[in-house]
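>
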Amino acid sequence: MAENLLEVTDLTVRFGGLTAVNKFDIAVQRGTIHALIGPNGAGKSTTFNCISRFYEPTAGRILLNGVDVTRSPASAMAGLGVARTFQNLELFGELTVFENVMIGAHVHAGRSWADALSARPSGVVDHIEHLLQRTGLTAYRNTVARNLDFGHQKLLELARALAIRPRLLLLDEPAAGLRNREIAALDALLTDLCRREGITILLVEHVMQLVMAISDRVTVLNFGTKIAEGTPDEVRNDPSVIEAYLGQEMVHA
Amino acid sequence: MSDKSVLMFPRPKSDTPGLAKPGSMLLTQGALMALGAAALIVLPFLVTGYVLYIANLLLVFIVLCLGLHLVIGETGQFALAHAAFYGIGIYTSGLAGNALGWPFPLSMLLAGLVAGAVGLVIGAVALRMRDIYLALATFAFGEAMQWVFLNWDQVTGGPNGLRISPARLGSLEVLTDRQAYPVVVIVALLMIVLTVVISRSRLGRSFRAVRESDVAAMAMGIPVRRAKITAFGLSAFYAGIAGSMFATFSTYIHPDSLGFQTTILVLTMVVVGGLGSITGAVGGAIVFGLISEFLRQTPSYQEIIYGLILIVFMMYAPRGLFAFVRDLMGRMARG
Amino acid sequence: MTIDVVFLFLQQGVASGLVIGSVYALIALAIVVIFKTSEVPNFSQGEMVMAAGYIALYLLVFRSMPLWIVMPATILAAYAGAALFRRLVLNQVARANGSPVNLVIATLGLSYVLRGFVRQTGFGDTPRSFPPVIEPQSIMIGQAAVTTLDLVILTTAVLVMAAFFWMFKYTKIGRAMRAVGMNPKAAQLVGVDLTRIHMIVWGLSGGISAIAALLISPKVLMTADMGSIVTMGFAAAIVGGFTSLPGAVVGGFLIGIIENFVGLFISSRAIVLAPFVAIMLVLVIRPQGLFGGRVEIKKV
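Going down the list, the protein sequences come from chains R, E and P. Just so it is clear: in the first sequence, position 220 is 220 by our numbering, and no numbers are missing. Just so it is clear: in the second sequence, position 154 is 154 by our numbering, and no numbers are missing. Just so it is clear: in the third sequence, position 299 is 299 by our numbering, and no numbers are missing.
1. Between E:Met218, E:Gly307, E:Leu189, which has its C-alpha nearest E:Ile278's C-alpha?
2. Going by beta carbon distance, what residues of the same chain come within less than 6 Å of E:Gly87, once the five residues before and after it are set aside?
3. Using the beta-carbon of each residue, which ones in chain E are nearer than 8 Å to R:Arg84?
4. Check whether the Cβ of R:Trp113 sits closer than 8 Å to any heavy atom of the ligand SAM, and report yes or no.
5. Let me know the secondary structure DSSP gives P:Ser129 once reduced to three states.
6. For the candidate residues E:Tyr50, E:Val121, E:Ile304, E:Pro182, whose alpha-carbon lies nearest to that of P:Tyr112?
7. I'd like to know whether the C-beta atoms of R:Val107 and E:Gly221 end up nearer to each other than 9 Å.
8. So within the region 162–211 of chain R, which uninterrupted beta strand (DSSP E) runs reach at least 3 residues, ignoring any that extend past its ends?
9. Determine the chain E residues that contact R:Ala109 at a beta-carbon separation under 7 Å, and present them in chain order.
10. With a CB to CB cut of under 7 Å and the five nearest residues on each side skipped, what residues in its chain are close to E:Ile264?
11. Does E:Tyr316 pass the burial test, meaning 16 or more other C-beta atoms within 10 Å, or should it be called exposed?
12. Tell me whether P:Met222 sits in a helix, a strand or coil according to DSSP, three-state version.
13. According to the Cβ coordinates, are R:Ile33 and R:Cys50 closer than 9 Å?
14. Let me confirm a value: E:Gln146 is counted as buried when at least 16 other C-beta atoms fall within 10 Å, else exposed. Which label applies?
15. Classify R:Ile216 as helix, strand or coil using the three-state DSSP reduction.
16. Once you ignore the five residues that flank P:Thr231 on each side, which residues in its own chain have a CB closer than 6 Å to its CB?
17. In chain order, what residues of the same chain lie with their CB nearer than 8 Å to the CB of P:Leu59, ignoring the 5 residues before and after it?
18. Distance, Cα to Cα, E:Asp15 vs P:Ala210?
19. Would you list, in chain order, the members of the region 281–306 of chain E that have their beta-carbon closer than 8 Å to a beta-carbon of chain P?
20. Answer yes or no: does any C-beta atom of chain P fall closer than 9 Å to that of E:Val118?
21. Between E:Ala94 and E:Phe104, what straight-line distance do the alpha-carbon atoms span, to the nearest angstrom?
22. Does the beta-carbon distance from E:Ala140 to P:Ile279 come in below 9 Å?
23. Can the beta-carbon of P:Ser16 be found less than 9 Å from the beta-carbon of P:Ala213?
24. Taking just the CA atoms, how far does E:Thr251 sit from E:Glu173?
25. Please determine if the region 204–223 of chain E and the region 93–111 of chain R are in contact, where contact requires at least 3 C-beta pairs separated by less than 8 Å.
26. In the DSSP assignment, the alpha helix (DSSP H) including R:Gln29 goes from what residue to what residue?
27. Mark P:Ile141 as exposed unless 16 or more other C-beta atoms lie within 10 angstroms of its C-beta, in which case mark it buried.
28. Run down chain E in chain order and give the residues with a C-beta less than 8 Å from the C-beta of R:Ser52.
29. Would you tell me roughly how many angstroms separate the C-alpha atoms of E:Pro166 and E:Gly284, rounded to the nearest one?
30. Taking the continuous beta strand (DSSP E) assigned at R:Asn4, which residues delimit it?
31. For chain E, find out if any of its Cβ atoms is closer than 9 Å to the Cβ of R:His34; answer yes or no.
32. Are P:Phe164 and P:Leu245 touching if we call contact CB-CB under 9 Å?
33. Are the Cβ atoms of R:Ala119 and R:Leu137 separated by less than 9 Å?
34. Identify, in the order they occur along the chain, each residue of the same chain with its Cβ nearer than 6 Å to the Cβ of P:Arg115, setting aside the five sequence neighbours on each side.
35. Is DSSP giving P:Ser138 helix, strand or coil here?
36. Tell me which same chain residues have a C-beta within less than 6 Å of the C-beta of E:Leu58, skipping the five on either side of it?
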């Protein structure tokens, strides 16, 4: 078992003439929360989308638990224990909360013919109930996802991702648009997932309050290049980080 | 089970809109089904052969609609070659019966499988690029197939049409609409059950996931392209089965009835019934099947009426007639 | 088939193919400009051509209007009709439920209404022919025989396409259209009126369809089903990549030439199969089309 659950080396992404990410390395240790931050347009989301295999990197290698997944299709990642959420919410809008989470369990719902044919496969139903309860969505189970308020939609995305039973959870701006007390709850939930269940989390985030509170390690990107990496404290005091953020993001910190 | 992490989120109010009451719904559904089953059983004892012919035809349309429902309603993929697969089904089962003397259950299965296989090939090629290419490629495929039906004289009889010999099972021969009716009813019911099973299954969930958001579906481990091709292949299979159902009670088929108009007729049924619901597909087939039977008297208005129905429903009732009525009744109940 | 005949057929196929292909190119252009700005393949494009053809026929034959009035009147009517359909119908469809499939179904509905209407008026019940606009004279180009009418068709189509490209590239409206095609939300943010641009796009698409109708009608027997010419337009658009305007033009000429080759070398009955075979071949060999780049990755 490799020490790093995720290892990205030399990742480069070019769109036409524009280099979005340049020779970027990141290693995410098993059982930690790792944040990827940087000013707008720094290449965070591009990196994130390469790791979840939605974008094709121009060069570089992505290792998951020591296995090369650089060319794996995006739909293979769930089966490998990688779950993700989306920056701009990609719920199954016309489906109920329950069905959304049920589809999250897609890779676990086909163990037997009976399970594959069932609307409530026995192997996953208990876990889904547990996830609904944990995210406070039990009472909304039959509500159509589109009709939830924004905070609950974000939670639903999280519950759906957790239904994959991930080893690695990729979160794209989980706190964006949430109110302060919702962020506090998210903080508690993520910490709990990592510390008690050993889920490794990599998050892209702008809300520094959350990043600084829960991360074990922080990597800072600017103009597609890594400019700093370390504990939250180290990164906070790094002059190059302060310079990169000057005049924009530090207002959040 | 950790409950503490959620305490900070506002608790939902006790009565959330959208919460269904499963008990009463099951009851009405069960009652409706029992009623429908009873009607299907007593029908042949009450009515004339012509009415039974219409009933057979409506049952064929139901299966056609279920097929289109799977690909458009469940998976959100637009396909326009339903009439072509229907035709493949008719000719395959007709020929298996005419030339090979196969018993009809076998030739029906063959019809479904041949249509489904052609569908898989077309789908696999068309879905390599944009989703909408499926619509364009199937549109062109439909035109091409109608040409094949018209010109492949040895197999289809070309412009003279093809006489279909009676369906056979051992020494049994299906000679009239009345004799065909039980066969057609049973196959239609089987196809309805199959649709319900698919829709509730993991496969059905993956179809709906693809319809709602293909990127999220991919992140959940659903191979999106394969799901789309599967849905399209299944819809072709349904159309093939529908064709073989038609071949059990019909004695003659002409390529003229296998063109784009038939595809549009089925599309109109599914849209009018309500995209995305099995009840809608079945209800649309019945309601609109009857309307189109009446409209046959005035073929010149038919096109305008189909067209207007499609436009008006898309403008004001995109979820179909049944959802529209339900919404309306809900709104009236609330005052 | 001797080598001489092959050579003759090749020349004739290319010459006739370029003429009819120029009309396909116009139709493909009309399809692609709508798809580029709203992701909707317009299934009523063929019936727009057909309806415009009948408007021209009505004005010319039944109202005895002179050609110099009939032509602009037809183009204007098609422009207005298409723009109004976008404004009054499609806007409402998009509001009711933004699924692109619904918009496509609405265009299918329009195609049926137009065809049914033309049949209903009584003009569409028998095949009719358009009066000869100019005296057709035969001209030999190499060994290929074309008519003066053919040359007028080709020249007009090329001029219209040139004007369209100029408009698309250099005018303010054209820039706004390109912006909407790339990113509607961003375009709206910088002050582009989406409703207006969509109306203009549909209007232009209708106008181009009308020009295609004016060019093709003298060459064919007119029936209410002549909208099926759109299959050639779709094939041309797919060959060109479906989002590329130059691709649509090249695709149009290619489909025209292929159609003529199929007719000359194989059988005129097999022409119906040409667009389907062309579409499938492109999707197998080069699914992005001749001019299409990669499909843009959806931003997530």
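Each residue gets a CB set at the ideal place from its N, CA and C atoms; glycine is no exception.
Quick answer:
1. E:Leu189
2. Phe149, Leu258
3. Ala219
4. With respect to the ligand SAM, the structure shown offers nothing to examine, as it has no ligands at all.
5. strand
6. E:Ile304
7. yes
8. 168–172, 200–204
9. Arg202
10. Tyr306
11. exposed
12. strand
13. no
14. buried
15. Note on identity: in this sequence residue 216 of chain R is Asp, with Ile being the wrong assignment. Coil, per DSSP.
16. Pro275
17. Met65, Ile69, Val70, Ala73, Thr74
18. Low local confidence applies: a pLDDT of 37 at E:Asp15 is under 50, so the model's placement there is unreliable, with the coordinate-based value given in what follows. Roughly 57 Å separates the two Cα atoms.
19. Ser300, Tyr301, Gln302, Glu303, Ile304, Ile305, Tyr306
20. no
21. As written in the sequence, residue 94 of chain E is Gly, which differs from the Ala given in the question. So the two alpha carbons sit approximately 9 Å from each other.
22. yes
23. no
24. 13 Å
25. yes
26. Where R:Gln29 is concerned, there is no enclosing alpha helix (DSSP H), although the beta strand (DSSP E) it sits in stretches over 18–29.
27. exposed
28. Ala219
29. 30 Å
30. 4–15
31. no
32. yes
33. no
34. Glu47, Ala224
35. strand
36. Ile286, Gly289
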